[in-house]
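K.L.:
Structure incoming, see below.
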Amino acid sequence: MRTLKKLIENNRNWAAKIKSVEPNFFQNLSQQQSPEYLWIGCSDSRVPANEIVGLMPGELFVHRNVANIVVHTDLNCLSVIQYAVEVLKVKHIVVCGHYGCGGVQAAFKNLKLGLIDNWLRHTQDIMQKHNNILAKISDEDSRLNRLCELNVIEQVVNVSETTIVQQAWDKGQNLSVHGWVYGLHDGFLNDLNICITNNDELPDIYRSALSTLENIKRK
Ligand code: CO
Numbered sequence: 142m143r144t145l146k147k148l149i150e151n152n153r154n155w156a157a158k159i160k161s162v163e164p165n166f167f168q169n170l171s172q173q174q175s176p177e178y179l180w181i182g183c184s185d186s187r188v189p190a191n192e193i194v195g196l197m198p199g200e201l202f203v204h205r206n207v208a209n210i211v212v213h214t215d216l217n218c219l220s221v222i223q224y225a226v227e228v229l230k231v232k233h234i235v236v237c238g239h240y241g242c243g244g245v246q247a248a249f250k251n252l253k254l255g256l257i258d259n260w261l262r263h264t265q266d267i268m269q270k271h272n273n274i275l276a277k278i279s280d281e282d283s284r285l286n287r288l289c290e291l292n293v294i295e296q297v298v299n300v301s302e303t304t305i306v307q308q309a310w311d312k313g314q315n316l317s318v319h320g321w322v323y324g325l326h327d328g329f330l331n332d333l334n335i336c337i338t339n340n341d342e343l344p345d346i347y348r349s350a351l352s353t354l355e356n357i358k359r360k
């Protein structure tokens, strides 16, 4: 017996709808993919990468994990970045966090949830690193939102510092790394004013993104 019947049914309707607009859509797409963007986002079910930015299958290469964290020893994430940059030659890498992130919240509140605590330790490190910025915000929800933003900015730096992105820039490859935060409450993406296109500008843009954040006053 086929389980999850509803999902299979949804799938048939979805495929039929696309084919009614463009009969060869899947056939053409099965031959190759040439996405211009790599999306590194949170696994949260409320943040579906393609839908948010209105892109079709074939247009967005995606990696998602809890709290959109990029760790220098995570072979899974690094392999995605390497394939995207060196084989697919994407032009943009977007790290997209979101407000109300359960992972960031668990890190923030030091919740004990099990294995995942070790993963979220990376975000706790960011909390410690930017304690001076966070300590200025008295409202807890605002402080958590700020941590969601800081978490993205730090991951943009992590992506930029991978050997893969460094080598691409050394070779003169056209590649930008961006940091965005998505609002669950309004469906809008906020650009965090961090877009890095080469190694030289990394420190300045990082600093200016942090000071921009600090200038957006929170309670
Ligand atoms: Co999340």
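142 is the number of the first residue of the sequence shown in my numbering; add one for each residue after it.
Each residue gets a CB set at the ideal place from its N, CA and C atoms; glycine is no exception.
1) Quick check on I337: buried or exposed, where buried means 16 or more other Cβ atoms within 10 Å of its Cβ?
2) Helix, strand or coil: which one does DSSP assign to N154?
3) Starting from I346, trace the alpha helix (DSSP H) in both directions and tell me its first and last residue.
4) DSSP three-state label for G243, please.
5) With a cut-off of 8 Å on the beta carbons, I'd call S317 and K232 a contact; round off their distance for me.
6) Please state whether DSSP places R205 in a helix, a strand or coil.
7) Hey, quick one: how far does the beta strand (DSSP E) through H326 stretch, first residue to last?
8) Look at the Cβ atom of V306, then the Cβ atom of L333, and state whether they are nearer than 9 Å.
9) Around the ligand CO, which residues pass a check of Cβ closer than 6 Å to any of its heavy atoms?
10) Within 8 Å, do at least three Cβ pairs link the region 208-225 to the region 178-186?
11) Kindly indicate which three-state DSSP category L179 falls into: helix, strand or coil?
12) Contact between the region 277-286 and the region 196-204: three or more CB pairs below 8 Å?
13) Short check: CB of C289 to CB of Y347, under 9 Å?
14) Nearest-angstrom Cα distance between E355 and I278?
15) What first and last residue would you give for the alpha helix (DSSP H) that runs through L275?
P.N.:
Walking through what the data contain:
1) buried
2) helix
3) L343 to N356
4) helix
5) 7 Å
6) strand
7) Per DSSP, H326 belongs to no beta strand (DSSP E) and is neither H nor E.
8) no
9) C183, D185, A208, H239, C242, G243 and G244
10) yes
11) strand
12) no
13) no
14) 10 Å
15) N272 to A276
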